[in-house]
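Student: Mind looking over this structure? Questions follow.
Numbering (my numbering), first residue to last: 0 to 317.
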(Lines of atoms letter the chains of each structure in order from A and count residues from 1; the text may use other names and numbers.)
(Lines give C-alpha, C1' and ligand atoms only; values in the text may rest on other atoms or scores of the structure.)
Protein backbone atom coordinates (compact mmCIF):
# COMPACT_ATOMS: atom_id res chain seq x y z
CA UNK A 1 0.00 0.00 0.00
CA UNK A 2 2.83 2.40 0.88
CA UNK A 3 4.55 1.65 -2.43
CA UNK A 4 1.28 2.33 -4.28
CA UNK A 5 0.81 5.67 -2.49
CA UNK A 6 4.43 6.68 -3.19
CA UNK A 7 4.03 5.76 -6.85
CA UNK A 8 0.72 7.68 -7.10
CA UNK A 9 2.27 10.74 -5.42
CA UNK A 10 5.20 10.72 -7.85
CA UNK A 11 2.82 10.49 -10.82
CA UNK A 12 0.69 13.39 -9.54
CA UNK A 13 3.76 15.53 -8.88
CA UNK A 14 5.11 14.85 -12.36
CA UNK A 15 1.78 15.74 -13.98
CA UNK A 16 1.67 18.98 -11.99
CA UNK A 17 5.19 19.92 -13.06
CA UNK A 18 4.40 19.24 -16.71
CA UNK A 19 1.04 21.01 -16.77
CA UNK A 20 0.90 24.52 -18.27
CA UNK A 21 0.83 27.48 -15.92
CA UNK A 22 -2.69 28.73 -15.44
CA UNK A 23 -3.61 32.36 -15.99
CA UNK A 24 -4.09 32.80 -12.23
CA UNK A 25 -0.54 31.61 -11.49
CA UNK A 26 1.21 33.58 -14.23
CA UNK A 27 3.56 35.32 -13.82
CA UNK A 28 5.04 33.87 -10.64
CA UNK A 29 8.58 35.06 -11.37
CA UNK A 30 10.16 38.06 -13.17
CA UNK A 31 9.24 38.56 -16.84
CA UNK A 32 11.96 39.78 -19.18
CA UNK A 33 11.02 42.22 -21.95
CA UNK A 34 13.72 42.30 -24.62
CA UNK A 35 14.30 45.54 -26.54
CA UNK A 36 16.39 45.23 -29.70
CA UNK A 37 17.73 48.78 -29.51
CA UNK A 38 20.12 50.71 -27.22
CA UNK A 39 19.08 52.39 -23.96
CA UNK A 40 17.75 55.91 -24.37
CA UNK A 41 16.28 55.45 -27.85
CA UNK A 42 12.61 55.76 -28.77
CA UNK A 43 11.84 52.06 -28.33
CA UNK A 44 13.65 51.88 -25.00
CA UNK A 45 11.95 54.98 -23.57
CA UNK A 46 8.52 53.71 -24.60
CA UNK A 47 9.11 50.20 -23.26
CA UNK A 48 10.45 51.28 -19.89
CA UNK A 49 7.50 53.59 -19.33
CA UNK A 50 4.71 51.24 -20.43
CA UNK A 51 6.00 48.18 -18.60
CA UNK A 52 6.78 50.16 -15.46
CA UNK A 53 3.12 51.19 -15.43
CA UNK A 54 2.03 47.55 -15.75
CA UNK A 55 4.44 46.48 -12.99
CA UNK A 56 3.19 49.29 -10.77
CA UNK A 57 -0.45 48.27 -11.18
CA UNK A 58 -0.03 44.48 -10.99
CA UNK A 59 2.80 44.23 -8.49
CA UNK A 60 4.66 41.89 -10.86
CA UNK A 61 8.39 42.16 -11.58
CA UNK A 62 9.23 43.12 -15.16
CA UNK A 63 12.84 43.41 -16.30
CA UNK A 64 13.94 45.32 -19.41
CA UNK A 65 16.90 43.88 -21.30
CA UNK A 66 18.50 45.73 -24.22
CA UNK A 67 19.95 43.42 -26.89
CA UNK A 68 20.73 45.88 -29.65
CA UNK A 69 22.23 45.41 -33.08
CA UNK A 70 21.41 44.65 -36.72
CA UNK A 71 18.45 47.05 -36.73
CA UNK A 72 16.62 45.06 -34.06
CA UNK A 73 17.30 41.59 -35.44
CA UNK A 74 19.58 40.44 -32.60
CA UNK A 75 16.98 41.03 -29.90
CA UNK A 76 14.16 39.61 -32.01
CA UNK A 77 16.15 36.50 -32.85
CA UNK A 78 16.94 35.98 -29.15
CA UNK A 79 13.26 36.03 -28.21
CA UNK A 80 12.28 33.76 -31.11
CA UNK A 81 14.64 31.06 -29.80
CA UNK A 82 13.63 31.48 -26.12
CA UNK A 83 11.50 29.00 -24.18
CA UNK A 84 7.80 29.62 -24.93
CA UNK A 85 6.93 29.92 -21.25
CA UNK A 86 5.92 33.59 -21.32
CA UNK A 87 8.93 34.81 -19.33
CA UNK A 88 10.88 36.20 -22.28
CA UNK A 89 8.95 38.55 -24.55
CA UNK A 90 9.82 41.17 -27.15
CA UNK A 91 8.93 44.82 -27.44
CA UNK A 92 8.82 44.64 -31.23
CA UNK A 93 9.30 47.39 -33.76
CA UNK A 94 8.38 47.81 -37.40
CA UNK A 95 11.94 47.27 -38.67
CA UNK A 96 12.62 43.63 -37.71
CA UNK A 97 8.96 42.64 -37.37
CA UNK A 98 7.57 43.89 -40.69
CA UNK A 99 10.62 45.07 -42.65
CA UNK A 100 13.48 42.61 -43.04
CA UNK A 101 16.75 44.53 -42.52
CA UNK A 102 18.53 41.28 -43.42
CA UNK A 103 17.61 41.94 -47.05
CA UNK A 104 20.35 44.56 -47.01
CA UNK A 105 23.08 42.43 -45.45
CA UNK A 106 25.74 40.70 -47.49
CA UNK A 107 25.10 37.84 -47.75
CA UNK A 108 21.36 38.49 -47.51
CA UNK A 109 19.78 37.13 -44.36
CA UNK A 110 16.31 35.57 -44.70
CA UNK A 111 14.09 36.00 -41.64
CA UNK A 112 14.65 33.26 -39.08
CA UNK A 113 13.21 35.12 -36.12
CA UNK A 114 9.62 33.98 -36.05
CA UNK A 115 7.65 35.62 -33.23
CA UNK A 116 3.91 36.01 -32.69
CA UNK A 117 2.08 39.35 -32.36
CA UNK A 118 0.42 39.78 -28.96
CA UNK A 119 -0.81 43.40 -29.06
CA UNK A 120 0.10 46.69 -30.67
CA UNK A 121 1.05 49.41 -28.22
CA UNK A 122 1.79 52.71 -29.95
CA UNK A 123 2.54 54.50 -33.19
CA UNK A 124 4.48 57.64 -34.11
CA UNK A 125 5.10 59.53 -37.34
CA UNK A 126 8.48 60.29 -38.79
CA UNK A 127 9.52 63.84 -39.64
CA UNK A 128 11.19 64.92 -42.88
CA UNK A 129 14.13 67.06 -41.78
CA UNK A 130 16.30 69.34 -43.93
CA UNK A 131 19.22 71.63 -43.21
CA UNK A 132 18.16 75.32 -43.03
CA UNK A 133 20.65 76.42 -45.69
CA UNK A 134 18.87 74.28 -48.29
CA UNK A 135 16.03 76.83 -48.04
CA UNK A 136 13.54 73.96 -48.37
CA UNK A 137 10.21 74.74 -46.73
CA UNK A 138 7.74 72.42 -48.46
CA UNK A 139 7.71 69.03 -50.16
CA UNK A 140 7.60 70.79 -53.54
CA UNK A 141 10.74 72.71 -52.57
CA UNK A 142 12.33 69.43 -51.50
CA UNK A 143 11.78 67.79 -54.89
CA UNK A 144 13.08 70.84 -56.75
CA UNK A 145 16.16 70.90 -54.54
CA UNK A 146 16.86 67.22 -55.25
CA UNK A 147 16.80 67.87 -59.00
CA UNK A 148 19.45 70.55 -58.50
CA UNK A 149 21.51 68.42 -56.09
CA UNK A 150 21.52 64.87 -57.50
CA UNK A 151 24.73 63.87 -55.70
CA UNK A 152 23.58 64.77 -52.21
CA UNK A 153 23.46 62.51 -49.13
CA UNK A 154 20.75 61.40 -46.74
CA UNK A 155 21.00 59.66 -43.40
CA UNK A 156 19.01 57.05 -41.51
CA UNK A 157 19.18 55.06 -38.29
CA UNK A 158 20.41 51.94 -40.12
CA UNK A 159 20.28 49.91 -43.29
CA UNK A 160 16.77 48.54 -43.76
CA UNK A 161 15.32 50.82 -41.11
CA UNK A 162 12.02 52.58 -41.64
CA UNK A 163 13.81 55.91 -42.15
CA UNK A 164 15.89 54.31 -44.90
CA UNK A 165 12.87 52.86 -46.70
CA UNK A 166 10.80 56.00 -46.25
CA UNK A 167 13.40 57.91 -48.25
CA UNK A 168 13.65 55.12 -50.83
CA UNK A 169 9.88 55.25 -51.22
CA UNK A 170 9.85 59.03 -51.57
CA UNK A 171 12.65 58.96 -54.15
CA UNK A 172 11.12 56.17 -56.28
CA UNK A 173 11.31 56.84 -60.01
CA UNK A 174 14.39 59.04 -59.93
CA UNK A 175 17.20 58.18 -62.32
CA UNK A 176 19.84 58.88 -59.67
CA UNK A 177 19.29 58.66 -55.94
CA UNK A 178 21.16 60.51 -53.20
CA UNK A 179 23.77 58.45 -51.37
CA UNK A 180 22.50 56.69 -48.25
CA UNK A 181 24.57 57.10 -45.07
CA UNK A 182 23.37 54.64 -42.38
CA UNK A 183 24.08 55.40 -38.72
CA UNK A 184 23.91 53.20 -35.64
CA UNK A 185 20.60 54.49 -34.36
CA UNK A 186 18.27 57.46 -34.56
CA UNK A 187 20.25 59.67 -32.18
CA UNK A 188 23.56 59.43 -34.14
CA UNK A 189 21.69 60.11 -37.39
CA UNK A 190 20.04 63.17 -35.86
CA UNK A 191 23.42 64.39 -34.65
CA UNK A 192 24.73 64.04 -38.22
CA UNK A 193 22.17 66.45 -39.66
CA UNK A 194 22.79 68.87 -36.80
CA UNK A 195 26.53 68.73 -37.55
CA UNK A 196 25.84 69.34 -41.27
CA UNK A 197 27.25 65.94 -42.25
CA UNK A 198 24.01 65.23 -44.12
CA UNK A 199 21.40 67.69 -45.43
CA UNK A 200 18.22 65.56 -45.36
CA UNK A 201 16.73 62.63 -43.47
CA UNK A 202 13.61 61.14 -41.92
CA UNK A 203 13.66 61.00 -38.12
CA UNK A 204 11.11 59.44 -35.72
CA UNK A 205 9.16 62.11 -33.87
CA UNK A 206 10.03 60.73 -30.38
CA UNK A 207 13.74 60.91 -31.28
CA UNK A 208 13.67 64.42 -32.79
CA UNK A 209 11.22 65.90 -30.30
CA UNK A 210 13.75 67.17 -27.78
CA UNK A 211 15.71 69.05 -30.46
CA UNK A 212 12.87 70.57 -32.47
CA UNK A 213 13.62 74.02 -31.09
CA UNK A 214 17.12 73.80 -32.57
CA UNK A 215 18.01 75.96 -35.56
CA UNK A 216 20.08 73.11 -37.01
CA UNK A 217 17.25 71.61 -39.05
CA UNK A 218 13.86 72.50 -40.52
CA UNK A 219 10.87 70.14 -40.36
CA UNK A 220 8.79 70.17 -43.54
CA UNK A 221 6.38 67.23 -43.18
CA UNK A 222 5.19 64.36 -41.01
CA UNK A 223 4.41 60.84 -42.24
CA UNK A 224 1.26 59.96 -40.31
CA UNK A 225 -2.21 59.48 -41.73
CA UNK A 226 -3.23 62.56 -39.78
CA UNK A 227 -1.34 65.25 -37.91
CA UNK A 228 0.22 64.34 -34.58
CA UNK A 229 -1.41 65.96 -31.56
CA UNK A 230 1.88 67.55 -30.60
CA UNK A 231 2.54 68.89 -34.12
CA UNK A 232 -0.90 70.06 -35.20
CA UNK A 233 0.56 72.86 -37.33
CA UNK A 234 2.84 70.58 -39.37
CA UNK A 235 1.24 69.17 -42.55
CA UNK A 236 1.43 65.51 -43.46
CA UNK A 237 3.06 64.14 -46.60
CA UNK A 238 -0.42 63.45 -47.98
CA UNK A 239 -1.42 67.08 -47.48
CA UNK A 240 1.58 68.14 -49.56
CA UNK A 241 0.87 66.09 -52.64
CA UNK A 242 1.81 62.53 -51.63
CA UNK A 243 -1.63 60.98 -50.94
CA UNK A 244 -0.33 57.42 -50.59
CA UNK A 245 2.61 58.29 -48.37
CA UNK A 246 1.58 57.09 -44.92
CA UNK A 247 4.46 55.45 -43.08
CA UNK A 248 4.41 55.38 -39.28
CA UNK A 249 6.60 53.67 -36.76
CA UNK A 250 4.80 51.21 -34.55
CA UNK A 251 5.62 49.13 -31.50
CA UNK A 252 3.98 46.02 -30.14
CA UNK A 253 4.48 43.07 -27.83
CA UNK A 254 5.55 39.77 -29.40
CA UNK A 255 6.05 36.29 -27.95
CA UNK A 256 7.98 33.21 -29.02
CA UNK A 257 5.97 30.69 -31.01
CA UNK A 258 4.29 28.22 -28.66
CA UNK A 259 3.39 30.58 -25.82
CA UNK A 260 -0.03 29.60 -24.48
CA UNK A 261 -3.20 31.46 -25.41
CA UNK A 262 -3.83 32.26 -21.72
CA UNK A 263 -0.46 33.98 -21.33
CA UNK A 264 -0.84 35.95 -24.53
CA UNK A 265 -4.35 36.98 -23.38
CA UNK A 266 -2.91 38.11 -20.04
CA UNK A 267 -0.64 40.63 -21.79
CA UNK A 268 -3.32 41.69 -24.24
CA UNK A 269 -5.60 42.60 -21.32
CA UNK A 270 -2.85 44.33 -19.32
CA UNK A 271 -1.76 46.44 -22.29
CA UNK A 272 -5.35 47.37 -23.10
CA UNK A 273 -5.90 48.53 -19.52
CA UNK A 274 -2.64 50.46 -19.43
CA UNK A 275 -3.14 52.22 -22.75
CA UNK A 276 -6.61 53.41 -21.73
CA UNK A 277 -5.33 55.26 -18.64
CA UNK A 278 -5.56 59.07 -19.09
CA UNK A 279 -2.10 59.67 -17.60
CA UNK A 280 -0.56 57.13 -19.97
CA UNK A 281 -2.26 58.70 -23.00
CA UNK A 282 -1.07 62.13 -21.86
CA UNK A 283 2.53 60.91 -21.41
CA UNK A 284 2.57 59.23 -24.83
CA UNK A 285 1.31 62.38 -26.56
CA UNK A 286 3.82 64.52 -24.71
CA UNK A 287 6.74 62.45 -25.98
CA UNK A 288 5.56 62.05 -29.56
CA UNK A 289 3.79 58.67 -29.40
CA UNK A 290 0.12 57.84 -29.86
CA UNK A 291 -1.61 55.08 -27.90
CA UNK A 292 -2.67 52.61 -30.59
CA UNK A 293 -3.78 49.34 -28.99
CA UNK A 294 -4.72 46.47 -31.28
CA UNK A 295 -5.77 43.03 -30.04
CA UNK A 296 -3.73 39.98 -30.96
CA UNK A 297 -5.92 38.96 -33.91
CA UNK A 298 -6.16 42.46 -35.39
CA UNK A 299 -2.48 43.17 -34.75
CA UNK A 300 -1.55 39.94 -36.55
CA UNK A 301 -3.46 41.09 -39.64
CA UNK A 302 -1.87 44.53 -39.37
CA UNK A 303 1.66 43.10 -39.24
CA UNK A 304 0.99 40.99 -42.34
CA UNK A 305 -0.29 44.02 -44.25
CA UNK A 306 2.81 45.98 -43.22
CA UNK A 307 5.07 43.16 -44.42
CA UNK A 308 3.41 43.19 -47.83
CA UNK A 309 3.72 46.97 -48.06
CA UNK A 310 7.44 47.11 -47.32
CA UNK A 311 8.41 44.00 -49.26
CA UNK A 312 7.22 45.79 -52.40
CA UNK A 313 9.42 48.78 -51.55
CA UNK A 314 12.44 46.55 -50.97
CA UNK A 315 11.91 44.78 -54.28
CA UNK A 316 12.27 48.12 -56.06
CA UNK A 317 15.75 48.47 -54.55
CA UNK A 318 17.22 45.09 -55.48
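Note that the Cβ used here is the ideal one computed from N, Cα and C, for glycine as well.
1) Does the Cβ of residue 52 have 16 or more other Cβ atoms within 10 Å, making it buried, or fewer, making it exposed?
2) Determine, using beta carbons only, whether residue 95 and residue 71 come nearer to each other than 8 Å.
3) Below 7 Å CB to CB, which residues in the same chain sit around residue 63 once its five sequence neighbours on both sides are set aside?
4) Ignoring anything shorter than 3 residues or poking outside the segment 209–246, list the beta strand (DSSP E) runs there in chain order.
5) Count the other CB atoms within 10 Å of the CB of residue 60; is the residue buried (16 or more) or exposed (fewer)?
6) On the CB-based measure, 16 or more other CB atoms within 10 Å of its CB, does residue 113 come out buried or exposed?
7) Should residue 100 go down as buried or exposed, given a rule of 16 or more other Cβ atoms within 10 Å for buried?
8) For residue 79, would you say it is in contact with chain C, using Cβ-to-Cβ distances shorter than 8 Å as the test?
9) So for residue 29, helix, strand or coil by DSSP?
10) Candidates 268, 79, 42: which alpha carbon is nearest residue 204's?
11) How is the alpha helix (DSSP H) around residue 185 delimited, first residue to last?
12) For residue 246, collect the residues of the same chain with a Cβ closer than 6 Å to its Cβ; drop the 5 residues on either side in sequence, then sort them by chain order.
13) In angstroms, rounded to a whole number, what distance separates the CA positions of residue 27 and residue 130?
14) Please report the Cβ distance between residue 291 and residue 56, rounded to the nearest whole angstrom; I am assuming they are in contact, meaning their Cβ atoms lie under 8 Å.
15) Grouping DSSP H, G and I as helix and E and B as strand, with all else coil, what is residue 319?
16) Flag this pair as touching only if the segment 84–98 and the segment 155–163 have three or more C-beta atom pairs under 8 Å; answer yes or no.
17) Just to check my reading of the structure: residue 198 and residue 151 have Cβ atoms closer than 8 Å, yes? What is that Cβ distance to the nearest angstrom?
18) Based on the DSSP secondary-structure assignment, which residues constitute the bridge partners of residue 249?
19) Rounded C-beta distance between residue 145 and residue 244? I'm assuming under 8 Å.
20) Exposed or buried, what is residue 251 when buried is set at 16 or more other beta-carbons lying within 10 Å of its beta-carbon?
21) Going by beta carbon distance, what residues of the same chain come within less than 8 Å of residue 272, once the five residues before and after it are set aside?
22) In three-state DSSP terms, what is residue 290?
23) My understanding is that residue 202 touches residue 128, with C-beta atoms under 8 Å, so please give their C-beta distance in whole angstroms.
Tutor: The answer reads as follows:
1) Of the other Cβ atoms in all chains shown, 16 or more fall within 10 Å of the Cβ of residue 52; this residue is therefore buried.
2) A contact, by the Cβ cut-off of 8 Å.
3) For residue 63, where only same-chain residues beyond five positions count, the Cβ hits under 7 Å are 32, 34, 46, 47, 50.
4) List check, beta strand (DSSP E) in window: 217–221.
5) Flag for residue 60 reads exposed.
6) Around the CB of residue 113, fewer than 16 other CB atoms lie within 10 Å, so the residue is classed as exposed.
7) Under this definition residue 100 is a buried residue.
8) Structure shown: chain C not included; a single protein chain is present.
9) Residue 29: coil per DSSP, three-state reduction.
10) It is 42 whose Cα lies nearest to the Cα of residue 204.
11) Looking at the DSSP string, the run of the alpha helix (DSSP H) that includes residue 185 is 185–193.
12) Close CB contacts of residue 246 within its chain, under the 6 Å cut and outside five residues either way in sequence, are with 165, 222 (chain order).
13) Going by the C-alpha atoms only, they are around 52 Å apart.
14) Contact between residue 291 and residue 56 is ruled out by a C-beta separation of about 20 Å, above the 8 Å threshold.
15) Missing from the structure shown is residue 319; the chain here goes from 0 to 317 and no further.
16) Verdict: yes, contact present.
17) Distance from residue 198 to residue 151 at the Cβ level is roughly 6 Å; contact confirmed, criterion being Cβ atoms closer than 8 Å.
18) The partner list for residue 249 (beta bridge, DSSP) reads 122.
19) Not confirmed; about 15 Å, so no contact.
20) The residue in question, residue 251, is buried, as its Cβ has 16 or more Cβ neighbours within 10 Å.
21) Result list for residue 272: 56, in chain order.
22) Correct three-state label for residue 290: strand.
23) That pair is a contact at about 5 Å.
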